[in-house]
Amino acid sequence: MPLVLWVPASLALALVVLPVVGLLVRTDYANLPELLTSPSASNALRLSLLTAGLSTVACVVLGVPLAVVLARYRGRAVRVLRAVVLLPLVLPPVVGGLALLYLLGRNGFLGYLLDVTAGVRVPLTTAAVVVAQTFVAMPFLVVSLEGALRGAGDRYERVAATLGAGPWTVFRRVTVPLLLPALGSGAVLSFARALGEFGATITFAGSLEGVTRTLPLEVYNQAQTDVDSAVALALLLVVVAVVVIVLARPRALEGVRA
Amino acid sequence: MRRSSGRGLIALLVAGLTAAACTTPSEDGSATLTVFAAASLTEPFAALERRFEDTHPGVDVLLNLDGSPTLAQQIIEGAPVDVFASADEATMRQVVSAGAVEGRPATFATNTLTIAVAPGNPHRIRGLADLAEPGLTVVVCAPRVPCGAATERVQRAAGVELTPASEEQNVKAVLAKVEAGVADAGLVYKTDVTARRRVEAVPFPESRQAVNTYPIATLAGAPRPGLAREFTELVLGEVGSRELSEAGFGTP
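Those sequence lines, one after another, are chains A and B. For the first sequence, our numbering gives the first residue as 1, with consecutive numbering after it. For the second sequence, our numbering gives the first residue as 1001, with consecutive numbering after it.
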């Protein structure tokens, strides 16, 4: 490896590490327990863990079939589809929130339909938080799974099929076990992304304690007047994210090729 | 080929950093004036920005609009800002006590709350008490921002307790939720509705109990103190008060 790579590599590392150090320096450690156990903080943490968990489940239930479709079918339509699936990765989250609002809001066609037929209103509810988080987190799962599926190829599946296994048996007994390592890392990545979601949530779900105000939104709310408490919460968010990433790390590194 | 593009990238980076470092000092008379203003001032300050730029060739007014406390925090943390216009006096006091203001803030406008509803007022809302009806989706400002503090004051004055579906961080976000049809009603400033056609205002008498006063100040660390004072004078002067009253603001 050329030694000169160390210069940009250190700069890159500094860009990630130094802001976190800034946060650590600013933290009011004496009052940390008090700041973190306030009702608004614990409500936000509970809501965050609940919604991120639910969106991870949604990502797995919906994302696994999608990844299989993307990896196993060829043709131009699938290529276009893949670009669309990756869209939430590159869209500003606020744009995602607006898009959801104009689909599921009362003026949106699906939102109108839901309201008129079932009396269901999604925006400004906990369900809206889950929808927003699933929207931004799903591509992470689909990308890891699709990579794993393509890496593994489909020869096991073809062999299983020639031995007389039906499509459902092949999916259950061959495809899913092949996917498991990548599924683990993809699910953890989705969880982490859902946990940090801000823009789509505040735009689509709003901000109300205990209902839609997740940890990132509570940090934003506290930052208006009480910086110490915002910093404490931000630290909590960093700790949770680091724990999640460390748990997923070994698989995240190998999972894509497993 | 690879190498040269890498070098180009570095050159670009260096050029970018140098440009960023050099925006304030100037040799050819061009300068940037940074103005932080409450989100509710969006329309009149955009007009004042144009007027100031017309009379000061080469000067670019950079307008940053957000919730007043957010802007105040950024100023206290040392953002290089020339002028700060807040939507209430409490927020300005924080900036003053942090030693970030030069001289004394001057008040230049007042604002009161109103109820924003969809055009035609489909839910036939007539006053604050109607917002407490169950089944109505109401959005307000969070108590931590000036419009939220005013919201709490009018609720106390009217003896009404609202159960909002969301507490937003600035008044424009409340308005956006009403415009998008997600909320049936929202408490916003009178001036916000004047500027928009997709919502209608329902005035209510208790709004007089919560008049927000807007102070403006030149900042102690202003990179362009001379221009900062001129801009402040423009806002406080005749041109400023005309633009502000056209936008629906009151005079202090």
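Note that beta-carbon positions come from the ideal geometry of N, C-alpha and C, so glycine has one too.
In chain A, which residues lie less than 7 Å from residue i when you measure between Cβ atoms?
| i | result |
| --- | --- |
| V1145 (chain B) | Q224 |
| T1042 (chain B) | Within 7 Å Cβ-Cβ: nothing; T1042 (chain B) doesn't reach chain A, min ~17 Å. |
Could you name the residues of the same chain whose beta carbon sits closer than 8 Å to that of residue i, not counting the 5 residues immediately before and after it, in chain order?
| i | result |
| --- | --- |
| V335 (chain A) | What is shown of chain A runs 1 to 258, which leaves residue 335 (chain A) out entirely. |
| R150 (chain A) | A71 |
| A1142 (chain B) | G1148, E1167, E1168, Q1169 |
| D154 (chain A) | R72 |
| G1181 (chain B) | A1118 |
| G196 (chain A) | P216, L237, A241 |
Measuring only the C-alpha atoms, how far is residue i from residue j?
| i | j | result |
| --- | --- | --- |
| L1244 (chain B) | Q222 (chain A) | 31 Å |
| T1194 (chain B) | F198 (chain A) | 30 Å |
| V130 (chain A) | T56 (chain A) | 9 Å |
| P2 (chain A) | D226 (chain A) | 47 Å |
| E1161 (chain B) | P139 (chain A) | 42 Å |
| Q1073 (chain B) | V60 (chain A) | 40 Å |
| R172 (chain A) | L54 (chain A) | 23 Å |
| N1111 (chain B) | F1249 (chain B) | 5 Å |
| V16 (chain A) | P92 (chain A) | 20 Å |
| P181 (chain A) | T175 (chain A) | 12 Å |
| A12 (chain A) | V159 (chain A) | 46 Å |
| V142 (chain A) | L1033 (chain B) | 46 Å |
| E1027 (chain B) | V1061 (chain B) | In this prediction, E1027 (chain B) has a pLDDT of 44, which is less than 50 and means its spatial position is unreliable; nothing more can be read from the coordinates. |
| A1098 (chain B) | I1075 (chain B) | 9 Å |
| T125 (chain A) | L208 (chain A) | 9 Å |
| L1236 (chain B) | P1252 (chain B) | 11 Å |
| L247 (chain A) | V188 (chain A) | 8 Å |
| A127 (chain A) | P39 (chain A) | 22 Å |
| V170 (chain A) | E157 (chain A) | 6 Å |
| S144 (chain A) | T1151 (chain B) | 47 Å |
| P123 (chain A) | A205 (chain A) | 5 Å |
| Q1094 (chain B) | L36 (chain A) | 24 Å |
| V1211 (chain B) | A14 (chain A) | 47 Å |
| L1136 (chain B) | V116 (chain A) | 16 Å |
In chain B, which residues lie with their C-beta within 8 Å of the C-beta of residue i?
| i | result |
| --- | --- |
| S207 (chain A) | A1142, S1166, E1167, E1168, Q1169 |
| V7 (chain A) | Under the 8 Å cutoff, chain B gives no residues; its nearest Cβ is about 11 Å from V7 (chain A). |
Name the DSSP beta bridge partners of residue i, please?
| i | result |
| --- | --- |
| V1188 (chain B) | B:T1114 |
| S1166 (chain B) | B:V1139 |
| Y1214 (chain B) | B:A1109 |
| T1032 (chain B) | B:D1060 |
| F1084 (chain B) | B:F1036, B:A1217 |
| L1065 (chain B) | B:A1037 |
| G1250 (chain B) | B:T1110 |
| E1200 (chain B) | B:V1117 |
| E1102 (chain B) | B:T1218 |
I'd like to know if residue i contacts chain B, where contact means its C-beta is closer than 8 Å to some C-beta of that chain.
| i | result |
| --- | --- |
| T212 (chain A) | yes |
| N107 (chain A) | yes |
| L260 (chain A) | The structure shown does not extend to residue 260 (chain A), since chain A is modelled only from 1 to 258, so the question has no answer here. |
| L101 (chain A) | yes |
Starting from residue i, find everything on chain B with Cβ-Cβ shorter than 7 Å and list it in chain order.
| i | result |
| --- | --- |
| P124 (chain A) | Correcting the residue identity first, residue 124 (chain A) is Leu in this sequence and not Pro. Result: T1137, A1165, S1166, V1182. |
| Y220 (chain A) | Q1169 |
| P23 (chain A) | In the sequence as displayed, the identity of residue 23 (chain A) is Leu instead of Pro. Under the 7 Å cutoff, chain B gives no residues; its nearest Cβ is about 13 Å from L23 (chain A). |
Can you confirm whether residue i, when its beta carbon is compared against all beta carbons of chain A, has any partner nearer than 8 Å?
| i | result |
| --- | --- |
| Q1073 (chain B) | yes |
| K1172 (chain B) | no |
Excluding the five sequence neighbours on either side, which residues of its own chain have a C-beta within less than 7 Å of the C-beta of residue i, listed in chain order?
| i | result |
| --- | --- |
| E1089 (chain B) | T1213, P1215 |
| R82 (chain A) | L70 |
| V1145 (chain B) | G1067, S1068, P1069, Q1169, N1170 |
| T1091 (chain B) | S1068, P1069, A1072, P1146 |
| L98 (chain A) | T203 |
Skipping 5 residues on each side, what residues in its chain have a beta carbon closer than 6 Å to that of residue i?
| i | result |
| --- | --- |
| S945 (chain B) | Given that chain B is displayed from residue 1001 to residue 1252, the structure contains no residue 945 (chain B) and the question cannot be resolved. |
| A1109 (chain B) | Y1214, L1244, F1249 |
| S190 (chain A) | T56, C59, A137, F140, L141 |
| A1217 (chain B) | F1084, V1101, P1105 |
So which residues on chain A does residue i lean against when the C-beta distance must stay under 8 Å?
| i | result |
| --- | --- |
| T1191 (chain B) | Near T1191 (chain B) there are no residues of chain A at all, since even the closest Cβ is about 21 Å away, more than 8 Å. |
Applying a beta-carbon distance threshold of less than 9 Å, which residues of chain A neighbour residue i?
| i | result |
| --- | --- |
| P1069 (chain B) | A223, Q224, T225 |
Can we count residue i as close to the ligand HEM, meaning its CB is less than 7 Å from some heavy atom?
| i | result |
| --- | --- |
| V242 (chain A) | This structure does not include the ligand HEM; it has no bound ligands of any sort. |
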